[in-house]
Amino acid sequence: MTSLSTPLPFDPSRKPSLRKRFFSRPMDTVISLIGLSIAAWVLWHLLTWAVLNAVWTSPDGTSDVCRDIKGACWAVINTRWRLILFGLFPYEEQWRSTLACLAIVIVAILSCVPKFWTAPRLGLLWIAGFATFYTLMAGGVFGLKATAPSDWGGLTLTVFIYAAGMLIGMPTAIALALMRRSDLPLIAKTTGLFIDTIRSLPLITILFTAALVFPLALPQMLIGDKIWRVIIGFALFFAAYEAENIRSGIQALPAGQEEAARALGLTYWQRTTRVILPQAFRNALPPTINQFVISFKETSLIVIIGFFEVMASGKAAYGSGDWAFAWVEVYVFVAMIYFVFVFSLSRYGAYLERRLRVGKH
Amino acid sequence: MRDIAIKITDMNKFYGKFHVLKGINLTVSKGERIVICGPSGSGKSTLIRCINRLEEHQQGSINVLGTELDDNVGHIDAIRREVGMVFQHFNLFPHLTVLENLTLAPMLARKISQAEAEKTAMKYLDRVRIPEQAAKFPGELSGGQQQRVAIARALCMAPEILLFDEPTSALDPEMISEVLDVMVSLAKDGMTMVCVTHEMGFARQVADRVIFMDQGEIVEQGPPADFFGAPQNPRTQKFLNQILSH
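Chains as they are written, first to last, in my numbering: chain A, 162 to 522; chain B, 11 to 256.
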């Protein structure tokens, strides 16, 4: 016999109705209405500014159309987007910059697909990607006009520095993490000191040193182009932090994993690559995605040594002349670019966590 | 006299100043089944972990199947390929399926082809009576099943010697017998076994020799009938009283 007062068993799929959640008591109703009105007011203002009162194009390419408007002046993006995306890259060659940027983005997307997760495939993919990028950007072959790295800029430069930095940084981080756990005290201690030193320096100092101090101290043949020194500085900075993420992933493993692999007669490299690192990556995945996201935003710091990445190009796009009033619109546009990249990274991280069953055993 | 599998001579081990193993002398013949027992902290696990160099000894010598266990990495790897080990906590690789757990070492350390390794793996999964679990991950199995997979993993390397380090101590009581059954059947097939265990029933049934350790020393050893029937040393008598009285 069932009593009428017996509550129904809790069923998480049965969500309470909108009315029950927000309007069940008079006080709830009042608070909900206040909240809704504030939200509506903010949204309405955003909408009028961003869409209803906005000016989208400038027929003559000047800022005159935006002189007496109350909304957003998207005409600045329409007129200056090439500067934001490509920086100072020669105007008639900008198709090269577009393709180069796409090459890196496509290679990055492909290397996120599990099918490409073998060392030869990933290696080939990235070598092809960077070769394409470099040929298109530097030119000087196949009848392409030579363009110096100092003329590279905008989103293309940001994507390139980031991709190259991560690609050099990740193997370096793995090497540092393994060396810090070495049985030889000299190697372990030296690596620890190296990591701690890099982590105790601001990224700006490292970029500055790489760009301006190293050329004074290194022999001519080792200097190379400024862009590579900056990428290596950026990669080392990333590697120092990421090495500690990976090390934490390794140390979270029970000692029995290493022992079982030893007892089976596996060599150091076999144990490391087949037993320890795959599990360590899984443990270190959340902080690793964090580090990748932080590093993407840190690329904006390379402006201080004279590279016009997307943030600095944005600043140049509104400049101090005709469009100087339209800085909000430009920064909203740049913010959306960052958001697309960072949000994709986060979602990919979430996918990896599901795939590798992080948090489960 | 049968061929010698393991010969340990005047072996001492220290953790810093702490003298863990004191003057150990032990010879194990091929095909012999040894059970080592003793109170916790007596050094029994440390002793068998020295045999495949999971622990390093400081004095004396350990010779396994004619190879001297020294700092030569080649010697260590050679010995580890011939000496399988089963751990208290199974130590299966959780990121690999049961089948991959079994084929990893044969393919890497013995350079056996994948097809061949998988055939061997299925043979031993059959032997430990869980072939239907091959595609699962270790986390999906019960403790007893995991330990049987761990035994199969050791067998896939076709070892001459198997070391068992308290293989049933982490198991729920109802799963102990399924693991012991597998161990008994291995013993019947003539596998050289050195088992650290408190399963005295197992010791009586299959051991050729039972060794009692206390405070880092081998105190007493002998065939199970003598060892359990008429223990000589008072420390052995006390230990046996404690574990057999309930």
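Positions of the beta carbon are idealized from the N, C-alpha and C atoms, including for glycine. Every value quoted in this text rests on a predicted model; they were computed, and no experiment measured them.
Per the C-alpha coordinates, the member of A:Tyr323, A:Glu254, A:Gly510 positioned closest to Ile393 of chain A is A:Tyr323.
Residue state for Met95 of chain B is assigned as strand, using DSSP reduced to three classes. If you check each beta-carbon in the stretch 400–411 of chain A against every beta-carbon of chain B, none falls closer than 9 Å. DSSP, reduced to helix, strand and coil, places Ala15 of chain B within a strand of the structure shown. Chain-order list of chain A residues neighbouring Ala119 of chain B: Leu425, Gly426, Leu427, Thr428, Gln431, by C-beta distance under 8 Å. Following the DSSP letters along the chain, one finds Thr37 of chain B inside the beta strand (DSSP E) bounded by residues 28–39.
The three-state secondary structure of Val229 of chain B, taken from DSSP, is strand. Using a Cβ-Cβ cut-off of 9 Å, Arg435 of chain A is close to Phe103, Leu106, Leu114, Leu118 of chain B, given in chain order.
CA-to-CA, the gap between Ile72 of chain B and Thr19 of chain B works out to about 6 Å. Met201 of chain B is classed as buried because its beta carbon has at least 16 other beta carbons within 10 Å across all chains shown. The CB of Phe97 of chain B comes closer than 9 Å to the CB of Gly417, Glu420, Ala421, Ala424 in chain A, given here in chain order.
Given a length threshold of 4 residues, each whole run of the alpha helix (DSSP H) inside the stretch 262–302 of chain A is given here in chain order: 280–299. DSSP places Thr240 of chain A inside the alpha helix (DSSP H), whose first and last residues are 236–247. By the Cβ neighbour-count rule, Thr207 of chain B is buried, with 16 or more other Cβ atoms within 10 Å of its own. Secondary-structure assignment with DSSP links Val45 of chain B through a beta bridge to B:Cys205, B:Val220. Check the Cα spacing between Asn451 of chain A and each of A:Cys227, A:Ser507, A:Leu427: the tightest is with A:Ser507. Going by beta carbons, Val192 of chain B and Val216 of chain B fall outside the 8 Å limit.
Residues Tyr479 of the same chain have their beta carbon placed closer than 6 Å to that of Trp488 of chain A, with the five preceding and five following residues left out of the count. Taking C-beta separations shorter than 8 Å and ignoring five residues to either side along the sequence, the partners of Asp13 of chain B in its chain run Ser39, Lys40, following chain order.
Cβ contact annotation for Glu170 of chain B (same chain, cutoff 8 Å, sequence separation greater than five): Ala15, Lys40, Leu75, Glu92, Val93, Thr202, in chain order. Cβ contact annotation for Cys262 of chain A (same chain, cutoff 7 Å, sequence separation greater than five): Leu316, Thr317, Val320, in chain order. Secondary structure at Ser179 of chain B: coil, using DSSP grouped into helix, strand and coil. Ala445 of chain A sits close to Gly410 of chain A, with the two beta carbons spaced by under 8 Å. Spanning the alpha carbons of Lys27 of chain B and Ala338 of chain A requires a straight line of approximately 31 Å. The count of Cβ pairs closer than 8 Å, one atom from the stretch 107–118 of chain B and one from the stretch 126–140 of chain B, reaches three, so the stretches are in contact. Note that the C-beta distance between Ile140 of chain B and Val159 of chain B is below 8 Å. Asn251 of chain B does not reach chain A, its nearest Cβ partner there being about 33 Å away, counting only Cβ pairs nearer than 9 Å. Using a Cβ-Cβ cut-off of 8 Å, Asp236 of chain B does not count as an interface residue toward chain A, since no Cβ of chain A sits closer than that to its own. Contact with chain A is found for Leu64 of chain B, since one of that chain's Cβ atoms lies less than 8 Å from the residue's Cβ. Taking 8 Å as the threshold, the shortest C-beta distance from Arg214 of chain B to chain A does not fall below it. Note on Phe486 of chain A: under 16 other CB atoms within 10 angstroms of its CB, so exposed under the neighbour-count rule.
Using a C-beta cut-off of 8 Å, the stretch 323–336 of chain A makes contact with the stretch 391–408 of chain A, since at least three inter-stretch Cβ pairs fall below that distance.
In this structure Met188 of chain A is exposed. Its beta-carbon is surrounded by fewer than 16 other beta-carbon atoms within 10 angstroms. One finds Arg423, Ala424, Leu425, Gly426 in chain A with Cβ atoms closer than 8 Å to the Cβ of Arg90 of chain B, taken in chain order.
The Cβ atoms of Val471 of chain A and Val495 of chain A sit closer than 8 Å to each other. Of A:Asp344, A:Val226, A:Val274, A:Thr434, the smallest CA-CA separation from Asp483 of chain A is found for A:Val226.
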